[in-house]
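What follows is a short report on a single structure.
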Amino acid sequence: MRAAVIVASTLAALAVAAAPAAATPAEELARARAAFRGGDCPAAIPLLNYLLYPAPRLARQPDLLEAHVLFGVCAYETGDRATASREFEEALYLQPELALDTVLFSADAVRFFDDEKARVTERNRLEAERRRIAEENLRYKQLLASMVVIETRPFYVNFIPFGVGQLQNGQTGKAVMFASSQAITGGLSAGIWLYLVGTYGFGGEVPDDDNAFVRRLEAIQIGAGIACLGLMAWGIFDSIRHYQPSVQRKPDESLLPPELRRKPEPARAKPRPVATRLELSPLVHPGGAGLGVRLTF
C-alpha cells in the first residue's frame, strides 16, 4: 500500500513538471506579432485584446504602444473601423508624434492612421485652446473682482452754481434743473440791466414819460436777481446735503470680452418721477411790478 502511494506521488510530480508554464505577457505579444506578420489578423486580435483589456498586462510602454498599433491595424484589416480608430487614438495618446511606415503596414492602414492622427491632433489643439481661454477668462474675472475704483470728489465743487455740485453727486436731473433755472433768472436780470444801461446810461436820468416803465423793469430785474441768488443758495445747500467725499464705482468693463461683462440687473419698477418745472411770470400792480418764480416738483 505504501509503495502504491509513493508511485502515485511520483507520477503526479512528473505530470506537473511536464505541464507547460503559463505564457508571460511578453510571450503573448510575441505570438500576436508573429500572427500579424504571418497575415493572420483574426488570430492576433484575441491575443492583443487579452493583453490590453480590461486592464493592460504589459508593463513596458513600448510593448503597450506596439500592442495598440497592432490591434488597430488588425482591426482595420478585418473591417472593424471603430476599434481601429480607438486603438490608434490610444497609441497616439502614448506617443503623439507616432508615424506608421508602409514597409510594415498596408498603405490603406497607414492612410487611415494618418487621418485619425490629424483628427486627434486637431481635437487636442481645440481642447488646449479652450483650456487656455477658460484659464484667461478665470484670471480676468479674478482681476475684475479684485479691482476697487475709488472716485474722490472735491468739496469746493459744491459751491459752483449751475448744478455742477449736483452733477458731481450723480444727480443729473437736478443738475439740469438748477442750471436752467439759474441761467434763466440770472440771464433775465442781467439782460434787463444791460438794456437799461444801454438805453439810459449808467446812472443817467430817465425821462418822466418812461419812469413807470423803467420802475417795472427794475422790479423785474431785482426779482429775477433775487430768484437767481436764491436758486444758487438752494443748489449749494442741496449739493452739500448729498455730498460724499469718495464713492466706490464699478471698473470699466468695456475692454473685457462680452462674455465676461456683468449682466445688467433687471430694472426695478420705480414710481414715476414728478416733472420739475420752473415758471416765471411778471407781476404788475399799481405800485410797481415784479417777477414771480414758481418751482413745481
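Each residue of the sequence shown is one higher than the last, beginning at 7 in the working numbering.
Ideal Cβ placement from N, Cα and C applies to all residues, glycine included.
If you're wondering where the values come from, they're calculated on a predicted model, not measured in any experiment.
Tell me the residue span of the alpha helix (DSSP H) that contains residue i.
i    : result
Q172 : 170-174
M305 : Residue 305 is absent from the model: the chain starts at 7 and stops at 303.
A29  : Per DSSP, A29 belongs to no alpha helix (DSSP H) and is neither H nor E.
V182 : 178-206
Y99  : 87-100
R63  : From DSSP, R63 is part of no alpha helix (DSSP H); its letter is neither H nor E.
N55  : 47-58
D214 : Here D214 belongs to no alpha helix (DSSP H), and DSSP marks it neither H nor E.
May I ask you to list the residues that DSSP assigns as paired with residue i?
i    : result
S252 : T158
Whole angstroms is fine: what's the gap from residue i's alpha carbon to residue j's?
i    : j    : result
T30  : R125 : 35 Å
A113 : L104 : 16 Å
P279 : A140 : Unreliable positioning characterises P279 in this predicted model, as indicated by a pLDDT of 49, which lies under 50. A coordinate reading is not provided.
F208 : A230 : 20 Å
A27  : A36  : Because A27 carries a pLDDT of 49, less than 50, the predicted location of this residue cannot be relied on, and the following value inherits that uncertainty. The straight-line gap from Cα to Cα measures roughly 16 Å.
G169 : V182 : 7 Å
L71  : L100 : 7 Å
R138 : L54  : 37 Å
E33  : R136 : 43 Å
E211 : T205 : 10 Å
G193 : I156 : 38 Å
A115 : D121 : 10 Å
R39  : C47  : 10 Å
G171 : A196 : 23 Å
L132 : Y249 : 53 Å
A49  : T84  : 11 Å
T127 : T108 : 21 Å
Q174 : M153 : 22 Å
H74  : E142 : 36 Å
N130 : R66  : 25 Å
I228 : A189 : 15 Å
R117 : E95  : 14 Å
I246 : Y162 : 10 Å
G176 : I232 : 27 Å
G78  : S91  : 7 Å
Y56  : P62  : 8 Å
P60  : A134 : 29 Å
K310 : V220 : Any answer about residue 310 is impossible in this case: the structure gives the chain only from 7 up to 303.
P167 : A185 : 7 Å
P160 : D244 : 16 Å
D69  : D86  : 22 Å
A281 : W240 : Its pLDDT being 47, under 50, A281 is placed unreliably by the model, and nothing is read from it.
E93  : P102 : 13 Å
L58  : G44  : 21 Å
Can you check whether the CB of residue j is closer than 8 Å to the CB of residue i?
i    : j    : result
I51  : A81  : yes
I226 : F165 : no
F42  : L76  : yes
G237 : S187 : A small fix is needed here, since residue 237 is Leu in this sequence, not Gly. Yes; because the gap between Cβ atoms is below 8 Å, this pair is in contact.
C309 : T191 : Residue 309 cannot be examined here, being either before or after the span of the chain that is shown, 7 to 303.
L110 : F119 : no
L305 : K123 : Nothing about residue 305 can be reported from this structure: the residues present for the chain run from 7 to 303 only.
**OP:** Could you tell me whether the segment 133-148 touches the segment 190-202, using the rule of 3 or more Cβ pairs below 8 Å?
**Re:** As far as the Cβ criterion goes, the segment 133-148 does not touch the segment 190-202, which means the pair count is below three.
Subject >> Cβ contact (3+ pairs, closer than 8 Å) linking the segment 215-223 and the segment 235-255 >> reply: No: the two stretches stay apart, fewer than three of their Cβ pairs being nearer than 8 Å.
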